[in-house]
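Below is one structure, written out as structure tokens, with a few remarks after it.
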Amino acid sequence: MYKLSNRYIIHKYLGKFWLMVILLFRHGHKTFSIDNDPALSSKGFEQAQNLPQMIADKKIPLATHCWVSEKKRTFQTLEKAIEQHHMTTYKKSVLNYREADENSAQFRNRIQKFLRELGARAKETEIHYVCTHYDWIEEALTLIDCDKDLNSYEYANWSPGQYMVLDLVDQNTYKLLNKGSL
Numbered sequence: 001m002y003k004l005s006n007r008y009i010i011h012k013y014l015g016k017f018w019l020m021v022i023l024l025f026r027h028g029h030k031t032f033s034i035d036n037d038p039a040l041s042s043k044g045f046e047q048a049q050n051l052p053q054m055i056a057d058k059k060i061p062l063a064t065h066c067w068v069s070e071k072k073r074t075f076q077t078l079e080k081a082i083e084q085h086h087m088t089t090y091k092k093s094v095l096n097y098r099e100a101d102e103n104s105a106q107f108r109n110r111i112q113k114f115l116r117e118l119g120a121r122a123k124e125t126e127i128h129y130v131c132t133h134y135d136w137i138e139e140a141l142t143l144i145d146c147d148k149d150l151n152s153y154e155y156a157n158w159s160p161g162q163y164m165v166l167d168l169v170d171q172n173t174y175k176l177l178n179k180g181s182l
């Protein structure tokens, strides 16, 4: 354990130590179907297969908690890593994409509530994987106070299987550590 100013830092990532890290994932490539809950495509399953190796190679840190939407493709994206590393997993409707009967203010409030819940844990020594959908991420990036402009082109476009690593500096402030793809 390390102490940096008033924070205890215990997770090593990218050669530095962090207290609480959040990895925001867009689910892997999905099948095209009229089904409201399509599974990952073969390409999506290939993307998901990369995650355990990325953890083993220390390209991304191992999670203490995994959060997925109720749609099966979000769980499928993290499933192999969850199984191999026995990570605690929570399925949350708050991570679902915007519903047809949900207005933009309701959607934004739902996302903001989840981000506040994570922010309330800022003093915890945890690493969270949050796997969700493009529209959820797009809206969340407008709410996250970060050292980088997450709404710029560089960060705002998300392909299936893309992720972003954020350090939760305090309850409301994030630092971008890395971004990449599965």
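Numbering-wise (our numbering), the sequence shown opens with residue 1 and increments by one. Just so you know, even glycine gets a beta-carbon here, dropped at the ideal spot from N, CA and C. Note that the structure is a prediction, hence the values are computed from the model and not measured.
Item	Value
Beta-carbon spacing of aspartate 145, tyrosine 174 below 8 Å	yes
Test item: CB-CB of leucine 62 and isoleucine 111 under 8 Å	no
Closest by C-alpha distance to lysine 91, when choosing among Tyr129, Arg116, Asp57 and Asn103	Tyr129
Straight-line gap, threonine 64 to lysine 71 (C-alpha atoms, nearest Å)	21 Å
DSSP three-state assignment for histidine 85, whether helix, strand or coil	helix
Bridge partners - methionine 164, DSSP secondary structure assignment	Leu24 and Lys179
Beta-carbon proximity check, arginine 108 vs aspartate 135, cutoff 8 Å	no
Terminal residues of the beta strand (DSSP E) in which tyrosine 186 lies	Here the chain covers residues 1 to 182 and nothing more, so residue 186 does not appear.
Per-residue burial, isoleucine 22 [other beta carbons within 10 Å of its own, 16 or more giving buried]	buried
Nearest-angstrom Cα separation, counted from glutamine 84 out to proline 52	7 Å
Histidine 65 - partner residues in DSSP beta bridges	Thr88 and His128
Inter-residue spacing [alpha-carbon to alpha-carbon] between leucine 40 and phenylalanine 32	9 Å
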